[in-house]
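Below you'll find the structure, written out as structure tokens, and then a few comments.
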């Protein structure tokens, strides 16, 4: 199973971006999906997570600005980011807890850079 993230880039403060992350492979079941981020010199932190049934949880710094969603038939998770701030600058990683070949593990995407700057 592989996770492929896309959608990062350079945006001005106050702008918006949408990140996508699609899982591919054979014979797997996705449980929770999430986005994390890591800024230079900082620990990786949870941005948002979404359960199979759609329940969501957000980090305090992004609540009311970011929205996580998922398309289960497409095995894809999205992160809609609005009112972006310079402190949102980081590498964003998608994560999924996946059952594959009888074992459940965390899988990570390759990371996509988001830079918020004027």
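In the numbering used here, the protein residues as written are 166 to 283.
Virtual Cβ for every residue (Gly too), placed ideally from N, Cα, C.
Cβ shell of residue i (< 6 Å), same chain only, five flanking positions each side left out
| i | result |
| --- | --- |
| residue 189 | 167 |
| residue 272 | 166, 168, 261, 263 |
| residue 223 | 213 |
| residue 232 | 245 |
| residue 194 | 264 |
7 Å Cβ cutoff met for residue i and residue j
| i | j | result |
| --- | --- | --- |
| residue 241 | residue 257 | no |
| residue 177 | residue 283 | yes |
| residue 157 | residue 243 | Residue 157 lies beyond the stretch modelled for the chain, which goes from 166 to 283, so this question has no answer here. |
| residue 235 | residue 215 | yes |
Span of the beta strand (DSSP E), counted from its first residue to its last, around residue i
| i | result |
| --- | --- |
| residue 228 | Looking at the DSSP string, residue 228 is not in any beta strand (DSSP E), and its letter there is neither H nor E. |
| residue 265 | 255-265 |
| residue 277 | 277-281 |
Residues that DSSP places opposite residue i in a beta bridge
| i | result |
| --- | --- |
| residue 188 | 168 |
| residue 212 | None; residue 212 has no bridge partner. |
| residue 177 | Paired residues: none, contrary to the question. |
| residue 203 | 256 |
| residue 245 | 183, 232 |
| residue 221 | 215 |
| residue 270 | 263 |
CB contact below 7 Å: residue i versus chain C
| i | result |
| --- | --- |
| residue 256 | Going by chain labels, chain C is absent from the structure shown, which holds only one protein chain. |
Cβ-Cβ separation, residue j to residue i (assumed contact under 8 Å), whole Å
| i | j | result |
| --- | --- | --- |
| residue 204 | residue 280 | Actually they do not touch by this definition, with Cβ atoms about 11 Å apart. |
| residue 174 | residue 183 | No, residue 174 and residue 183 are not in contact; Cβ-Cβ is about 10 Å, not under 8 Å. |
| residue 274 | residue 170 | 4 Å |
Cβ neighbours of residue i in the same chain (closer than 8 Å, five flanking residues each side left out)
| i | result |
| --- | --- |
| residue 239 | 187 |
| residue 269 | 196, 262, 263 |
| residue 209 | 201, 202, 203, 258 |
Own chain, CB closer than 7 Å to residue i, minus 5 neighbours either side, in chain order
| i | result |
| --- | --- |
| residue 179 | 248, 249 |
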